[in-house]
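For reference, the structure discussed in these notes is given below.
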Amino acid sequence: ENLYKNAPNKESADEEYGCVPKKSGGTYLGRVLIEQAMVADHSIPIIRYEAPEDFMSWSVTVREAEMQTFCDENLSPLLEKLNPEERHTFGEDFARRGDLTVFTPLSIRSDLRKRAPFVVELRSLTYEQQAQVMMFIMRKLPRLSGAAFDATGNGGYLAEKAALEFGTDMVDQVMLSAGWYQEWMPKLKAEFESFNIEVPRHQNILDDLLQIKVVNGIPCIDKGRTKDEGASNAKSKRHGDFAVSLAMANRASYMDGGEIDFTPLPNRDSRWGEYSDDDDSYLDQIEGAY
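The sequence shown: position 255 = 255 (my numbering), numbered continuously.
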């Protein structure tokens with residue numbers, strides 16, 4: 001009883017003297033655990049795009065051309081390197097202003113080991129151009145078997161675009177909640193604890209994963225923000241964006257609907273079979289899923 005009186009609160013006393021874990025505590029993933037999952041050879045690139053301040057004043061044609069060039073130059077070479085025999089999933093965390101939109105694909109080997117082959121981070125980019133980049137990636141992922149999107153608030157836009165394109169059975173439109181975190185964060189932690197996942201080696205990745213904190217017994221993203229290393233604006237912040245995106249991609253790896261061939265409907269101005277050259281280049285590599 002005297003020991004309990006000396007403790008700062010009953011919860012701390014229960015943990016110290018009664019071996020009862022706190023309902024709220026520190027970081028969910030330890031730094032050592034995270035760094036063990038980071039590739040030592042820095043072979044997983046982080047591809048970033050920060051929209052210029054006057055981006056919205058550009059014409060639609062110029063904005064689309066800008067992002068097409070970005071995708072062709074930065075993403076196509078990475079997508080072409082993916083193993084066509086491996087299953088892939090896609091995870092997203094959304095932001096329009098302030099934080100980042102992050103796209104994280106996962107490659108899943110035959111032994112079920114998971115690796116993020118690359119990560120895409122977008123800052124202050126318009127909805128339509130975010131969708132443009134998202135579609136570019138998803139259409140080219142070999143054996144795409146599932147995708148999960150942060151559909152909370154404005155995030156519903158990209159989630160809905162993906163669901164309309166790839167099907168509602170394959171795209172999980174997630175409304176982030178305590179229940180979702182409670183179900184899926186332990187599964188993500190298990191991947192780290194079993195040394196079954198590989199992520200980029202970068203300070204931002206570490207900071208984002210350390211933002212997963214236990215609050216009222218539930219692992220979720222802490223309200224605080226961290227510095228975005230490498231951003232053009234020194235005041236730019238992050239809010240665990242990669243952590244959510246990775247959790248989404250890992251959640252998508254549990255989707256078990258089976259793979260299907262994916263063929264989108266033609267444009268209103270097209271007849272069956274008369275797609276543009278760009279669409280053909282996508283379709284030749286698509287093996288959709290779930």
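Virtual Cβ for every residue (Gly too), placed ideally from N, Cα, C.
No experiment lies behind these values; they were computed from the predicted model shown.
Residue 104 carries a strand assignment under DSSP once its states are collapsed to helix, strand and coil. Distance between residue 32 and residue 193, taken at the CA atoms: about 11 Å.
Within the region 169-247, the runs of alpha helix (DSSP H) at least 4 residues long that lie entirely inside it are, in chain order, 178-193 and 203-210. Sequence-distant partners of residue 157 (beyond 5 residues in either direction) whose C-beta falls short of 6 Å from its own C-beta, in its chain, are 127. The C-alpha of residue 206 lies about 15 Å from the C-alpha of residue 100. Counting only residues of its own chain and dropping the five nearest sequence neighbours on each side, residue 71 has a CB closer than 7 Å to the CB of 133 and 136. Around the C-beta of residue 112, fewer than 16 other C-beta atoms lie within 10 Å, and the residue is accordingly described as exposed. In the DSSP assignment, the residues bridged to residue 150 are 174. Going by DSSP, residue 49 is part of no alpha helix (DSSP H) but of the beta strand (DSSP E) stretching over 46-50.
As the crow flies, the alpha-carbon of residue 187 is around 12 Å from that of residue 29. DSSP places residue 53 outside both helix and strand once states are collapsed to three, so it counts as coil. Separation of the CB atoms of residue 27 and residue 227 is rounded to 17 Å, and the pair is thereby denied contact status at 8 Å.
The alpha-carbon of residue 190 is positioned some 10 Å away from that of residue 197.
Distance check between residue 50 and each of 199, 67 and 164 places 67 closest, using alpha-carbon atoms only. Counting other Cβ atoms within 10 Å of its Cβ, residue 97 stays below 16 and is therefore classed as exposed. Counting every other CB atom within 10 Å of its CB across the protein chains shown gives residue 150 a total of 16 or more, marking it as buried.
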